[in-house]
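S.K.: In this note's numbering, the protein residues as written are 44 to 325.
Quick one: the structure is below, and I'll ask about it shortly.
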Ligand code: PAF
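Written out as structure tokens, the structure reads:
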């Protein structure tokens, strides 16, 4: 397993390193992240290595995907710790640009995928997915990878990035990687670090509610009562707000009244001051 990680900080250096690999006959995967890496991110590296023989990752806390009242300043940052984890997972190249490199003075171009960004998380986070699409299009343009891997926990993000990569002929195959969960079922997230021990204990109601709703639907139950029961369970655990709890078409993200192939239950709710998301295939 390679334990040496090369770090580059400009798009040109990333492109050059990726092209060097490709000229040497390698297939290359790219894993974009915002750092504060946990086992879910390292699973993205492992997934990349299932498709290619070289993996590069990026760490960039993208200001354009944070709203004015969101956690940009307190978002956890630990480049040295992250670099060690990436190297141990088999990643050989890290792209870690500064904000000034990504968005120099005069930066004025944005990528917006029509329709999908306004649904679900987009309703509570206006502009968030335009920031994601913009940064991911920049990252993929510089990386020119054969494959890019994204986690399924951010299902809406994955759907938007798939649409964008296809629409813009980015030439990179987008691969989704299954959710990694803690032993009690809570989906791993860098934001779980914000939860107090008591909030962390109660947060498990979110995946439990979704699993129970899935069981009810798979047993032939109707959608509305299954979702209402899930919302009651989430609220009873002390979540301060439920942004949504819906059964949707996994690609178009539109609400469903009955289970169809590719349907997913998706939810977002706020525990204390931390917004958590989760989703399950039905
Ligand atoms: O999922 C994330 O960590 C971010 O949204 C991404 C895809 C790295 C873009 O900043």
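Cβ coordinates follow ideal geometry from the N, Cα and C atoms, glycine included.
Owing to the predicted nature of the structure, the values given are computational and were not obtained by experimental measurement.
For residue 222, name the three-state secondary structure that DSSP assigns.
M.R.: In the structure shown, residue 222 sits in coil (DSSP, three-state: anything other than H, G, I, E or B).
S.K.: Report all residues from its chain with a CB closer than 6 Å to the CB of residue 74; omit the five preceding and five following residues, and keep chain order.
M.R.: So the qualifying residues of the chain are 87, 88, 91, 100, 192.
S.K.: Using a Cβ-Cβ cut-off of 8 Å (strictly less than) and excluding sequence neighbours within five positions of residue 110, which residues of its own chain qualify?
M.R.: For residue 110, where only same-chain residues beyond five positions count, the Cβ hits under 8 Å are 168, 169, 170, 171.
S.K.: Residues in the same chain with beta-carbon distance under 7 Å from residue 231, minus the five sequence neighbours each way, listed in chain order, please.
M.R.: Excluding sequence neighbours, residue 231 sits near 81, 82, 83, 223, 224, 225.
S.K.: Under 7 Å: does the beta carbon of residue 199 sit that close to some heavy atom of the ligand PAF?
M.R.: Outside the cutoff, so no.
S.K.: With a Cβ-Cβ cutoff of 8 Å, do residue 155 and residue 176 count as a contact?
M.R.: For residue 155 and residue 176, yes; Cβs fall inside 8 Å.
S.K.: Near residue 221, what residues of its chain come up, given a Cβ to Cβ distance below 7 Å and the 5 sequence neighbours on each side ignored?
M.R.: So the list reads 195, once near-sequence residues are dropped.
S.K.: For residue 160, verify whether its CB is less than 7 Å away from any heavy atom of the ligand PAF.
M.R.: Flag unset: Cβ of residue 160 not near the ligand PAF.
S.K.: Quick check on residue 316: buried or exposed, where buried means 16 or more other Cβ atoms within 10 Å of its Cβ?
M.R.: Classification of residue 316: exposed, given that the 10 Å Cβ count is below 16.
S.K.: Quick one: is residue 236 buried, meaning 16 or more other Cβ sit within 10 Å of its Cβ, or exposed?
M.R.: The residue is exposed, with fewer than 16 neighbouring Cβ atoms inside 10 Å.
S.K.: The beta strand (DSSP E) that contains residue 314, what's its start and end?
M.R.: Residue 314 -> beta strand (DSSP E) spans 306–314.
S.K.: Per DSSP, what kind of secondary structure is residue 241 in: helix, strand or coil?
M.R.: If DSSP states are grouped into helix, strand and coil, residue 241 belongs with the helices.
S.K.: Cβ-heavy atom distance between residue 75 and the ligand PAF below 7 Å?
M.R.: Yes - the ligand PAF has a heavy atom lying nearer than 7 Å to the Cβ of residue 75.
S.K.: Run through DSSP, which three-state label would residue 117 get?
M.R.: Coil.
S.K.: What are the start and end residues of the alpha helix (DSSP H) that includes residue 191?
M.R.: Careful: residue 191 lies outside any alpha helix (DSSP H), inside the beta strand (DSSP E) at 190–194.
S.K.: Measure the CB-CB distance between residue 116 and residue 78 and report whether it falls below 8 Å.
M.R.: No, Cβ-Cβ distance for residue 116 and residue 78 is not below 8 Å.
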